[in-house]
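S.K.: With our numbering applied, the sequence shown corresponds to residues 92 to 263, in that order.
Each residue gets a CB set at the ideal place from its N, CA and C atoms; glycine is no exception.
Sharing a structure below in structure tokens format, with a few things to ask.
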Amino acid sequence: MLSSPTEGGVPSSETVYRNIEHILDRARSAKQPPRIIHIRNSGESGDPDAPNSPGWQLVFSPLEHEFLIDKLKNNAFAGTKLAELIPRDAELIIVGMQSDYCVRATCSAALARGNTVILIKEAHATYDRIEVWNGGMVTIAYDVESEIEAELEEAGVNLLCMSDVPHLFSDR
């Protein structure tokens, strides 16, 4: 998903790649690094993200002390041990793919648990959406991402910009 758009990646893949890399670097270099949990989707056989396929591999490898959760559903809490790693009063910083599936579902589940949720703009992404119900019109990925941000913000997610990242892991 973070490969070049010409190779099947999301339209904003280059920007999102750089931004997630920057956030991860900041988190890892913080005086008191946060608990970093990588979530990997495990698709079904034949899916681009089927286990052990190239699309299943993480873009950023976890360090030895970081956690890796494999999931089968959009909601990263469903059927995984994620809830055991994250206290209900913890603050979560969410980045990744896909805005209108996994990001939305995981943010919503975290809010329902009582977590404070932060979503970083331009550090999550999706593909263009074909509106089957509207004659095949296409909603560009940027607009889909913006719709999801507005929906999640209304639900209680805190939206931050990349300009907020330098201060995100300090003074906490």
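What residue from His156, Ile184, Glu175 and Asp138 has the CA that sits closest to Leu163's CA?
M.R.: The option with the nearest alpha carbon to Leu163 is Asp138.
S.K.: Around the C-beta of Leu210, are 16 or more other C-beta atoms found within 10 angstroms, so that it is buried, or is it exposed?
M.R.: Buried, because 16 or more other Cβ atoms sit within 10 Å of the Cβ of Leu210.
S.K.: Tell me whether Val150 sits in a helix, a strand or coil according to DSSP, three-state version.
M.R.: Coil, per DSSP.
S.K.: Looking at C-alpha atoms only, which residue of Arg220, Ser94, Asn166 and Ala214 is the closest neighbour of Ile115?
M.R.: In the sequence as presented, Ile is not what sits at residue 115; that position holds Leu. The residue with the shortest Cα to Cα distance from Leu115 is Ala214.
S.K.: Counting beta carbon pairs with one atom in the stretch 163 to 183 and one in the stretch 123 to 141, are three or more of them shorter than 8 Å?
M.R.: Yes, they touch.
S.K.: For Ala169, does the three-state DSSP call read helix, strand or coil?
M.R.: Coil, per DSSP.
S.K.: With DSSP as the reference, please indicate the residues paired to His113 in a beta bridge.
M.R.: None; His113 has no bridge partner.
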